[in-house]
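First up is the structure itself, then whatever we jot down about it.
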Amino acid sequence: MAQVVGTLAGPLPDLERVLGRVRGPQPGPTVIGVGGLHGNEPAGVLALVRVLEELGRRAGEVSGEFVGLAGNRAALAEGRRYLGRDLNRSWTPAGLAAAGEAGVNGTSEDPEQVEFHSALTEIMLEARGPVYLLDLHTTSGPGEPFSTVMDSLRSRKFALGIPVPLIVGLGELVEGTLLGYMAKLGVPGMVFEGGKHDDPSSVDASEAGIWLALAQAGIIAGDAFPEVRESRDRLSTETKDLPRALELKYRHPISEGEGFKMLPGFRSFQRVGEAEILARDRMGPVRAPWGGRLLMPLYQAQGEDGFFLIKEFHPSWLRVSEFLRRAQVDRIVHWLPGIRRESEGRGMVVNRRMARWFALEILHLLGYRKEVDQGDRLVVLKQVE
Ligand SMILES: [Zn+2]
Numbered sequence: 002m003a004q005v006v007g008t009l010a011g012p013l014p015d016l017e018r019v020l021g022r023v024r025g026p027q028p029g030p031t032v033i034g035v036g037g038l039h040g041n042e043p044a045g046v047l048a049l050v051r052v053l054e055e056l057g058r059r060a061g062e063v064s065g066e067f068v069g070l071a072g073n074r075a076a077l078a079e080g081r082r083y084l085g086r087d088l089n090r091s092w093t094p095a096g097l098a099a100a101g102e103a104g105v106n107g108t109s110e111d112p113e114q115v116e117f118h119s120a121l122t123e124i125m126l127e128a129r130g131p132v133y134l135l136d137l138h139t140t141s142g143p144g145e146p147f148s149t150v151m152d153s154l155r156s157r158k159f160a161l162g163i164p165v166p167l168i169v170g171l172g173e174l175v176e177g178t179l180l181g182y183m184a185k186l187g188v189p190g191m192v193f194e195g196g197k198h199d200d201p202s203s204v205d206a207s208e209a210g211i212w213l214a215l216a217q218a219g220i221i222a223g224d225a226f227p228e229v230r231e232s233r234d235r236l237s238t239e240t241k242d243l244p245r246a247l248e249l250k251y252r253h254p255i256s257e258g259e260g261f262k263m264l265p266g267f268r269s270f271q272r273v274g275e276a277e278i279l280a281r282d283r284m285g286p287v288r289a290p291w292g293g294r295l296l297m298p299l300y301q302a303q304g305e306d307g308f309f310l311i312k313e314f315h316p317s318w319l320r321v322s323e324f325l326r327r328a329q330v331d332r333i334v335h336w337l338p339g340i341r342r343e344s345e346g347r348g349m350v351v352n353r354r355m356a357r358w359f360a361l362e363i364l365h366l367l368g369y370r371k372e373v374d375q376g377d378r379l380v381v382l383k384q385v386e
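By the count of the working numbering, the sequence shown reaches residue 386 at its end, each step adding exactly one.
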C-alpha cells in the first residue's frame, strides 16, 4: 500500500500510480477505482486510500479484486485540474496514439495518459472476472452526490447500487472521457461525483460510493461489511429530496477568452427558470435556454463546460427501456420513417427532415447514443450492453 501524504486542503505530491490493490483469495470481479483524473479533485484519492486500508485488513473476505489508481499525478501534485490538457477528454484511439507519439516531449498529460493506460491494461489482463470502472470526481460548485453512466444496461445496474441521482446522456455531450473509452471496450462503469472539491464531506460521500460499488459488483458481501449499510443510509439521506433518474439535456460550452463567469450562489440540482441569467461573458448575460435543473455550475478557472441542464424522468422508464433492449426491438426500429441502418457497423442513420421528433428519444430507450451530428443527418451507435 502506498503512503499518501496530503489533505484535501493542499496538493497531493508524489503519488504512486497504483494507490493500492486488495486481491481476495477467491476469484471474482475487479473494480478499478480512479481518483484525481482531474488534479484539483483530491477527494477521490483520499477516499480510495481509506477504503483500500480498511479492505486490506479484511482481504480474506474479498472475492475478486479492488484496485485504486491515481489519475493526473503531476496535476494532483500542484492542485490544478490539469497542467497542459484535460486528462479526461482524450480517451479515444487517436488521442491515445497522439499521447504515445508525443511522449515526454508533449504536455505532462501525455506520459500520464500512456502510463495510466498501461496500468489499466495490466489490471484488466490479470482480472479473474468482469471488470468495472468507478471514476471518482468532485465539482467546483456545491451540490449533492450523483452518478453518471454511458447508459448500457450493465452500467446502469452497477450505478443503481448507489442511492444517489443517476444522470444519463453524458456521453453525447462530453467527448473523450475515460468512462466512454471503457464503455466502448465493453467495461461497465460509472462516474461518481462526491460533492464540492474542498468540502470534507466529499471524501466521506466518495468513500460511501466506493463501499456500495464494491458490494454491487459482488466483491464484498453487503451484510458482512457494516460500511455498506452505513454508506447506503448516508447517501440516501443526503439525496432524499432529489429525483432518482435524470437526463443531461444541455451543455453550455465555453472557451478561453470568452470571459465566462457564473453568477454566485448556484448549486447542482437547483431549479432554474427559462431565460434566467446564470452567468455573464463578453457577449453579455448567459441565460438558461429553458427551465430545468442546473448541474455542475463552473466556479473554477479551468474547464470547458460552463454548466449543464438536466431533466428528470420517471425511473419506470429505465425498466421500459431495459425491456425493449432485451426484446431487441431495435431490430425493427428502422421501419420508422427517416431511420435506416448504416450499411456497415452497429449504427443507425437518422434523417432529421423525415424522422418524427421522437425518433432520437426512441433510439435512446433502445440503447443508442448520438455519435455523429451533421445537422440533418445524425448517426447513432448502439452501446455495448
Ligand atoms: Zn473531474
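Cβ atoms here follow ideal geometry from the backbone N, Cα and C, with glycine treated the same way.
Could you spell out where the alpha helix (DSSP H) holding residue i opens and where it closes?
{"i": "Gly339", "result": "Per DSSP, Gly339 belongs to no alpha helix (DSSP H) and is neither H nor E."}
{"i": "Ser232", "result": "227-239"}
{"i": "Leu325", "result": "317-327"}
{"i": "Glu368", "result": "Note that residue 368 corresponds to Gly in the displayed sequence, not to Glu. Neither: Gly368 is in no alpha helix (DSSP H) and is coded neither H nor E."}
{"i": "Asp111", "result": "110-127"}
{"i": "Pro94", "result": "94-103"}
{"i": "Ala160", "result": "154-160"}
Whose C-beta lies closer than 8 Å to the C-beta of residue i among residues of the same chain, with five residues either side of it excluded?
{"i": "Phe159", "result": "Tyr133, Val150, Pro189, Gly190, Met191, Ala214, Gln217, Ala218"}
{"i": "Val204", "result": "Leu9, Ala44, Leu47, Ala48, Arg51, Gly195"}
{"i": "Ala103", "result": "Asp111"}
{"i": "Val334", "result": "Ile340, Met349, Ile363, Leu364, Leu367"}
Kindly indicate which residue of the options has the alpha-carbon position closest to the one of residue i.
{"i": "Ala222", "options": "Leu56, Val19, Glu362, Gly36", "result": "Leu56"}
{"i": "Pro28", "options": "Val169, Gly130, Ala99", "result": "Gly130"}
{"i": "His365", "options": "Arg22, Gly170, Gly69, Pro338", "result": "Gly170"}
{"i": "Val426", "options": "Glu62, Lys371, Leu70", "result": "Because residue 426 is not part of the residues shown, which for the chain are 2 to 386, the question remains open."}
{"i": "Ser202", "options": "Lys250, Glu66, Leu121, Glu239", "result": "Glu239"}
{"i": "Glu54", "options": "Gly210, Phe67, Gly285", "result": "Phe67"}
{"i": "Arg51", "options": "Thr122, Thr140, Ile211", "result": "Ile211"}
{"i": "Glu17", "options": "Arg24, Arg342, Gly36", "result": "Gly36"}
{"i": "Leu243", "options": "Gly162, Leu279, Arg294, Phe193", "result": "Arg294"}
{"i": "Glu113", "options": "Pro94, Leu126, Asn89, Glu123", "result": "Asn89"}
{"i": "Gln375", "options": "Pro143, Val350, Tyr369", "result": "Val350"}
{"i": "Ile124", "options": "His198, Gly65, Arg327, Pro26", "result": "Gly65"}
{"i": "Glu248", "options": "Lys312, Phe193, Gly187", "result": "Lys312"}
{"i": "Arg354", "options": "Pro146, Pro12, Ile340", "result": "Ile340"}
{"i": "Ala78", "options": "Asp87, Met284, Trp291, Asn41", "result": "Asn41"}
{"i": "Phe261", "options": "Leu310, Pro227, Gly85, Asp306", "result": "Asp306"}
{"i": "Glu228", "options": "Glu362, Glu257, Glu208", "result": "Glu208"}
{"i": "Gly61", "options": "Ala225, Gly72, Gly162", "result": "Ala225"}
{"i": "Ser232", "options": "Ile163, Val334, Gly292", "result": "Ile163"}
{"i": "Asp152", "options": "Arg252, Glu127, Lys185", "result": "Lys185"}
{"i": "Leu264", "options": "Ser256, Ile255, Ile278, Glu257", "result": "Ile278"}
{"i": "Leu97", "options": "Gly177, Gln329, Ala128, Arg157", "result": "Gly177"}
{"i": "Thr140", "options": "Pro290, Phe270, Gln329", "result": "Phe270"}
{"i": "Trp92", "options": "Leu121, Gly80, Arg74, Asn106", "result": "Leu121"}
{"i": "Asp199", "options": "Leu126, Ala280, Gly80, Leu174", "result": "Gly80"}
{"i": "Tyr369", "options": "Asn352, Asp331, Leu337, Pro338", "result": "Asp331"}
Hey, could you find the ends of the beta strand (DSSP E) residue i is sitting in?
{"i": "Asp306", "result": "306-313"}
{"i": "Arg22", "result": "19-24"}
{"i": "Val380", "result": "378-383"}
{"i": "Met349", "result": "348-352"}
{"i": "Gln301", "result": "From DSSP, Gln301 is part of no beta strand (DSSP E); its letter is neither H nor E."}
{"i": "Ile33", "result": "27-36"}
{"i": "His138", "result": "132-140"}
{"i": "Thr426", "result": "For the chain, the structure presents residues 2 to 386; residue 426 sits outside this window and is missing."}
Ordered along the chain, which non-local residues of its own chain (more than five positions away) have a Cβ less than 6 Å from that of residue i?
{"i": "Gly115", "result": "Checking the sequence shown, residue 115 turns out to be Val, not Gly. Ala100, Gly101."}
{"i": "Leu167", "result": "Ser148, Ala160, Ala246"}
{"i": "Leu325", "result": "Leu366, Leu367"}
{"i": "Arg272", "result": "Arg294"}
{"i": "Leu137", "result": "Gly36, Gly45, Phe193, Ser207"}
{"i": "Pro1", "result": "Limits of the chain in this structure are 2 at one end and 386 at the other, which puts residue 1 out of reach."}
{"i": "Arg86", "result": "Thr108, Glu110"}
{"i": "His253", "result": "Gly307, Phe308"}
{"i": "Glu343", "result": "Val350"}
Leaving out five residues before and five after residue i in sequence, what residues of the same chain have Cβ atoms less than 7 Å from its Cβ?
{"i": "Glu372", "result": "Gly348, Val380, Val381, Leu382"}
{"i": "Glu323", "result": "Leu154"}
{"i": "Ala276", "result": "Arg288, Ala289"}
Can you confirm whether residue i, when its beta carbon is compared against all beta carbons of chain D, has any partner nearer than 9 Å?
{"i": "Phe147", "result": "No chain D is part of this structure, which consists of one protein chain only."}
Item checked: Every unbroken beta strand (DSSP E) within the stretch 162-222, with a cutoff of 3 residues, ordered by chain -> Whole beta strand (DSSP E) segments, 3+ residues: 167-169, 190-197.
Next item on the list: Note down, one range per segment and in chain order, each alpha helix (DSSP H) of at least 4 residues found wholly within the stretch 51-91.
Entry: Runs of the alpha helix (DSSP H) inside the stretch 51-91: 74-79.
Check: Taking a cut-off of 7 Å, which residues have a beta-carbon closer than that to any heavy atom of ligand 1, in chain order?
Finding: One residue after another in chain order, those with a Cβ under 7 Å from a heavy atom of ligand 1 are Leu38, His39, Glu42, Asn89, His138, Thr139.
Margin query: Runs of 3 residues minimum, wholly inside the stretch 233-295: which ones carry the beta strand (DSSP E) assignment?
Written below: Runs of the beta strand (DSSP E) inside the stretch 233-295: 246-254, 278-282, 285-288.
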